[in-house]
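Engineer: Let me begin by handing over the structure; questions about it come next.
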Amino acid sequence: LRQTLIREDKAAEAERAAEVTREARILAREAQARRFEAFRGTIAQHKEVLAENARQSKVAKRAVVAQNHRRLEFERLMTEDALEAKVCAAELLHKSRVEVTLEAKAARTRMAVDRHDRLAAGAAK
Numbered sequence: 068l069r070q071t072l073i074r075e076d077k078a079a080e081a082e083r084a085a086e087v088t089r090e091a092r093i094l095a096r097e098a099q100a101r102r103f104e105a106f107r108g109t110i111a112q113h114k115e116v117l118a119e120n121a122r123q124s125k126v127a128k129r130a131v132v133a134q135n136h137r138r139l140e141f142e143r144l145m146t147e148d149a150l151e152a153k154v155c156a157a158e159l160l161h162k163s164r165v166e167v168t169l170e171a172k173a174a175r176t177r178m179a180v181d182r183h184d185r186l187a188a189g190a191a192k
């Protein structure tokens with residue numbers, strides 16, 4: 068009888084040990100599942116951060132490219148304006164030279180006419 072009780076105690080203890088082991092395995096699986104979900108969440112957040120960084124980088128690159136285009140367009144316009152101003156200045160200078168030349172010719176003609184008139188008037192006296 069005593070042997071039977073000892074066997075039953077051992078069997079009950081083994082069963083309790085098996086139950087504790089099963090519960091420990093279940094808890095370990097649940098903990099592992101929670102860690103895995105947390106890890107997946109961390110990976111997802113990391114991917115979102117990387118995607119946002121990429122988007123911001125693209126936006127920043129586009130802004131820099133647009134700024135460079137605006138700067139180059141401004142420089143081109145300033146160059147065109149400078150060239151146009153030089154052409155205008157050259158045209159004005161040419162016009163003024165032509166006008167000065169024409170004025171000088173007209174003055175010489177007036178002087179020649181005046182001299183001719185004085186000579187004619189002197190000859191008529």
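Residue 68 is where the sequence shown starts when you use our numbering, and the numbers rise one by one after that. All C-beta atoms in this analysis are idealised placements derived from N, C-alpha and C, irrespective of residue type, glycine included. Since the model is a prediction, treat every value here as computed from it, not as a measurement.
With DSSP run on the structure shown, which of helix, strand or coil describes residue 72?
Structural biologist: On the sequence shown, residue 72 is found 5 positions in, with the first residue counted as 1. Reduced to three states, the DSSP call for residue 72 is helix.
Engineer: May I have the straight-line CA-CA distance separating residue 195 from residue 154, to the nearest angstrom?
Structural biologist: Residue numbering for the chain in the displayed model covers 68 to 192; residue 195 lies beyond these limits and cannot be assessed.
Engineer: Could you check the C-alpha separation between residue 72 and residue 87 for me, to the nearest Å?
Structural biologist: Locating residue 72 in the sequence shown gives position 5, counting from the first residue. Locating residue 87 in the sequence shown gives position 20, counting from the first residue. The alpha-carbon atoms of residue 72 and residue 87 are separated by roughly 22 Å.
Engineer: Could you give the distance in angstroms between the alpha-carbon of residue 157 and the alpha-carbon of residue 165?
Structural biologist: Counted from its first residue, the sequence shown places residue 157 at position 90. Counted from its first residue, the sequence shown places residue 165 at position 98. Looking at the two C-alpha atoms, the distance is approximately 12 Å.
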